[in-house]
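Below: the structure, in structure tokens.
In my numbering, the protein residues as written are 63 to 215.
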């Protein structure tokens, strides 16, 4: 992912936000805020015919040294490209890059209603850790998330 990919990445992120099933966020951040919150070498895009159709990235879960090998993962696919294996390919590449970079745990939180994302993560080697009940509010409604993780081989 390069800075010039941001408009397409942001648009795909906004599609996810609009579903109400992808994130607690209600608006995409600025490039500067997004860039500051994600590892520079662990962010990728999928392209088709020169257009970005998906992205995946890792962010830190904690500034504490003991968690240096633990990261939070995000993967988003453009609406027209969903169901075509783009998310699977993005996640496979991101996990391989994370393994090479020395990460031992990749985690993600998913709304339980987002069955497609849960299935993608299960197929990619993630396991269900548990349900975090009423962990946050989205538009004034308490929501649960399922915590999933994948340990490096």
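Idealized CB from N, CA, C, for every residue including glycine.
Beta-bridge analysis with DSSP links residue 198 to 205. With a cutoff of 8 angstroms on beta-carbon distance, residue 121 and residue 100 are scored as near each other.
In the structure shown, residue 149 adopts helical secondary structure according to DSSP, grouped into three states. Secondary structure of residue 166 (DSSP, three-state): coil.
If you check the CB distance, residue 179 and residue 172 come in under 8 angstroms. A check of alpha carbon separations from residue 132 across 76, 170, 198 identifies 170 as the nearest.
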